[in-house]
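The listed protein sequences correspond, in order, to chains A and B.
End of the first sequence = 213 in this note's numbering, gap-free, step of one.
End of the second sequence = 426 in this note's numbering, gap-free, step of one.
C-beta: ideal position from N, C-alpha, C; glycine also.
One structure is given below, encoded as structure tokens.
Number of protein chains: 2
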Amino acid sequence: MPSVPTALPSRDYAGQSAEQRRADRRERLMQAGLELFGTEGYPATSIEKLCARASVSTRNFYQEFPGREDLLLALHSRITGQAFEAASSALAELDDRSLAERIRGTVRAYISTTSSDPRWARIAYVEVVGVSPAVEQHRMGWRSKASELVTAVAARAVERGEARPRDFSLTAVAFIGAVNELVHEWSLGGRKVPIEDVCAELTRVGVALLTVD
Amino acid sequence: MPSVPTALPSRDYAGQSAEQRRADRRERLMQAGLELFGTEGYPATSIEKLCARASVSTRNFYQEFPGREDLLLALHSRITGQAFEAASSALAELDDRSLAERIRGTVRAYISTTSSDPRWARIAYVEVVGVSPAVEQHRMGWRSKASELVTAVAARAVERGEARPRDFSLTAVAFIGAVNELVHEWSLGGRKVPIEDVCAELTRVGVALLTVD
DNA sequence: CAAAAGTGGTAATCGACCTTGTCGGTTTCG
DNA sequence: CGAAACCGACAAGGTCGATTACCACTTTTG
């Protein structure tokens with residue numbers, strides 16, 4: 001009875017372990033997705049183009065991702081996750097400041113992350129919309145998290161007497177829409193005004209939404 | 214020398230003129246597009262499916278539209294045009310009312326049009342995003358028109374002393390984003406609250422944006 | 001009533017893309 | 001140094017959708 005090799009064998013090649021080279025290829029595919037999804041658009045980007053740009057064989061593509069859609073999802077998670085993290089930590093550090101300063105700092109962190117690269121902005125605001133039910137669900141999940149963040153800011157403002165208590169759920173969605181549309185317009189439209197103007201405008205919007213009425 | 218028939222020949226078939234039957238087929242294709250784009254989504258809808266649903270042959274499809282994208286564009290123009298018209302005429306009729314009433318009436322007209330049918334909302338807010346450069350340009354054109362409408366409201370408010378004069382271009386984009394995101398969330402999410410709540414929220418947003426600062 | 005003119009549906013062609021199997025080259029181990 | 005294992009590139013199979021060519025049918029006209 002021959003011994004059955006249950007564990008997958010793995011050797012080093014070119015001085016790198018199998019995991020290292022897998023991670024390498026995955027990262028190159030992510031970069032290719034960033035470039036192609038972010039400039040040519042998701043529908044115009046085939047798996048072959050992605051692999052050519054990343055210098056990865058199509059065979060290896062399927063070793064890393066079940067399909068093209070999953071690469072888009074991974075990119076979107078990375079972008080949105082970083083933006084969310086930046087916004088959250090900015091907010092945490094500004095807890096003792098005024099409402100306007102808290103909003104300005106949080107918005108600035110979010111904006112400078114998502115629009116630090118025009119391709120990020122395009123993927124986050126355009127290419128990820130209306131792709132498939134799975135992607136839509138993913139997007140809704142992130143929007144819901146953002147909505148919770150805004151609601152938390154509102155609750156804190158009520159605690160500190162900067163806003164009157166009421167249901168902020170609709171307001172939060174409206175504010176998210178305002179942020180996204182304005183950043184999208186600004187980023188994809190050539191960034192004709194300084195980023196501080198956009199921050200100032202969104203701060204005005206946020207403060208107005210929380211304090212009026 | 215034979216006479217050259219410069220005018221296109223056209224006979225009646227089934228008691229209808231060529232134009233009538235063309236218009237008929239075109240309208241049936243528009244309805245099929247509304248149904249399929251609005252429920253299955255644009256990427257999942259092939260020309261064959263459209264033709265089957267509309268009882269139109271693929272040959273006649275190309276007689277009416279250069280391609281699938283142009284049907285989407287025609288639908289989007291119809292939806293957005295109607296919404297825009299409803300909003301504009303509502304605004305015109307409310308010129309002597311207070312700022313809040315003008316905003317509420319205009320927003321209500323816009324919302325009740327775009328979300329009178331969930332498929333309209335989905336096409337207007339989701340399926341039309343990120344399809345191709347041509348569609349994106351089309352979308353930007355409509356957004357720019359909407360922005361002008363909001364700016365006009367702001368200018369009128371300044372005239373009447375309801376708002377302080379400043380540059381409202383960024384504010385207009387932010388407001389449009391707020392409207393779209395909230396209506397989208399509300400319409401696609403099951404409409405769990407009455408439409409008047411959405412109108413009230415967006416009125417609050419509009420008034421706040423124009424009067425604060 | 002027969003032939004011509006025009007119309008609309010069917011089906012074939014064409015190409016693109018996704019997916020997987022195979023092969024040659026390379027590296028490590030005995 | 002030889003053999004075996006392993007990796008990655010190439011390419012073929014298969015599916016699906018877009019586009020167009022052809023033909024059968026309908027209506028009119030002489």
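* Taking 8 angstroms as the CB-CB limit, is B/A387 close to chain A? -> yes
Practice problem: Within 10 angstroms of the Cβ of A/R191, are there 16 or more other Cβ atoms? Answer buried if so, exposed if not. | Solution: exposed
- Message: Given a cut-off of 8 angstroms on the beta-carbon distance, is the pair B/T326 and B/V396 in contact?
- Response: no
- Report the neighbours of B/V418 on chain A: residues whose CB is nearer than 7 angstroms to its CB, in chain order. A174 and L209
query: For the alpha helix (DSSP H) that B/K358 lies in, which residues bound it at each end?
result: P346 to E372
* Asked: With DSSP run on the structure shown, which of helix, strand or coil describes B/R379?
  -> coil
*Can the beta-carbon of A/A174 be found closer than 8 angstroms to that of B/E394?*
yes
*Distance, Cα to Cα, B/T252 vs B/P331?*
9 angstroms
Below 7 angstroms on C-beta distance, what does B/T384 contact in chain A? E201
Please compile the residues from chain A whose C-beta is within a distance smaller than 8 angstroms of the C-beta of B/P256.
P43, G130, V131 and S132
Q: Kindly indicate which three-state DSSP category A/S115 falls into: helix, strand or coil?
A: coil
*Using 8 angstroms as the Cβ pair cut-off and three pairs as the minimum, do the segment 266 to 278 of chain B and the segment 303 to 320 of chain B touch?*
no
Q | Counted within 10 angstroms of its Cβ, other Cβ atoms place A/E185 as buried (16 or more) or exposed | A | buried
Exercise. For A/P5 and chain B, any beta-carbon pair shorter than 8 angstroms?
Worked result: Residue confidence is low: A/P5 scores 40 on pLDDT, short of 50, so the model does not pin down where it sits. Its coordinate-derived value is still stated next. So, not an interface residue.
Q. Between the segment 157 to 164 of chain A and the segment 371 to 380 of chain B, do three or more beta carbon pairs fall short of 8 angstroms?
A. no
Exercise for the section: Could you tell me which chain B residues have their CB closer than 7 angstroms to the CB of A/A32, listed as they occur along the chain? Expected result: Simply none; closest approach about 19 angstroms.
What residues of chain A sit near B/D283, judged by a beta carbon separation below 7 angstroms? Result: empty, since nearest Cβ-Cβ is about 16 angstroms, beyond 7 angstroms.
Exercise for the section: If I'm right that B/T319 touches B/A300 with Cβ under 8 angstroms, what's the distance once you round it to whole angstroms? Expected result: 5 angstroms
ask   = Any idea if A/S17 is buried or exposed, counting beta-carbon neighbours within 10 angstroms, 16 or more meaning buried?
value = exposed
- request: Enumerate in chain order the residues of its own chain whose CB-to-CB distance from A/K145 is below 7 angstroms, with the five nearest sequence positions on each side excluded.
  value: F84
ask   = Which residues in chain B sit within 8 angstroms of A/E181, going by Cβ to Cβ distance?
value = V386, A387, I389, G390, A391, N393 and E394
DSSP-derived helix/strand/coil call for B/R317: helix
Return the chain-ordered ranges of every alpha helix (DSSP H) run that is complete within the segment 378 to 422 of chain B and spans a minimum of 4 residues. 382 to 401
Whole-angstrom C-beta distance between A/I176 and A/R139, which should lie under 8 angstroms: Actually they do not touch by this definition, with Cβ atoms about 12 angstroms apart.
Checklist entry - How long is the line joining the alpha carbons of B/R321 and B/C412, rounded to whole angstroms? => result 6 angstroms
Mind pulling the chain A residues with CB within less than 9 angstroms of B/V339?
-> V129, G130 and E136
- Task: State the DSSP-derived secondary structure class of B/E306, mapped to helix, strand or coil.
- Result: helix
*How many angstroms separate the CA atom of B/L423 from the CA atom of A/R102?*
22 angstroms
Where B/D308 meets chain A, residues with beta-carbon distance less than 7 angstroms: Those do not exist, as B/D308 stays about 23 angstroms from chain A at its closest Cβ, beyond 7 angstroms.
_Rounded separation between B/T271 and B/R238 - CA only_ = 11 angstroms
Does chain B have any CB closer than 8 angstroms to the CB of A/E148? no
Assign B/E409 to one of two classes, buried (16 or more other C-beta atoms within 10 Å of its C-beta) or exposed (fewer than that).
exposed
Quick check on the DSSP output: the alpha helix (DSSP H) that includes A/F65 runs from which residue to which? Looking at the DSSP string, A/F65 is not in any alpha helix (DSSP H), and its letter there is neither H nor E.
Sequence-distant residues of the same chain with beta carbon closer than 6 angstroms to A/S116, five excluded per side: none
Inset, instruction - Would you tell me roughly how many angstroms separate the C-alpha atoms of B/V344 and A/V212, rounded to the nearest one? - result: 38 angstroms
Tell me which residue opens and which closes the alpha helix (DSSP H) that B/E261 is part of. I260 to A267
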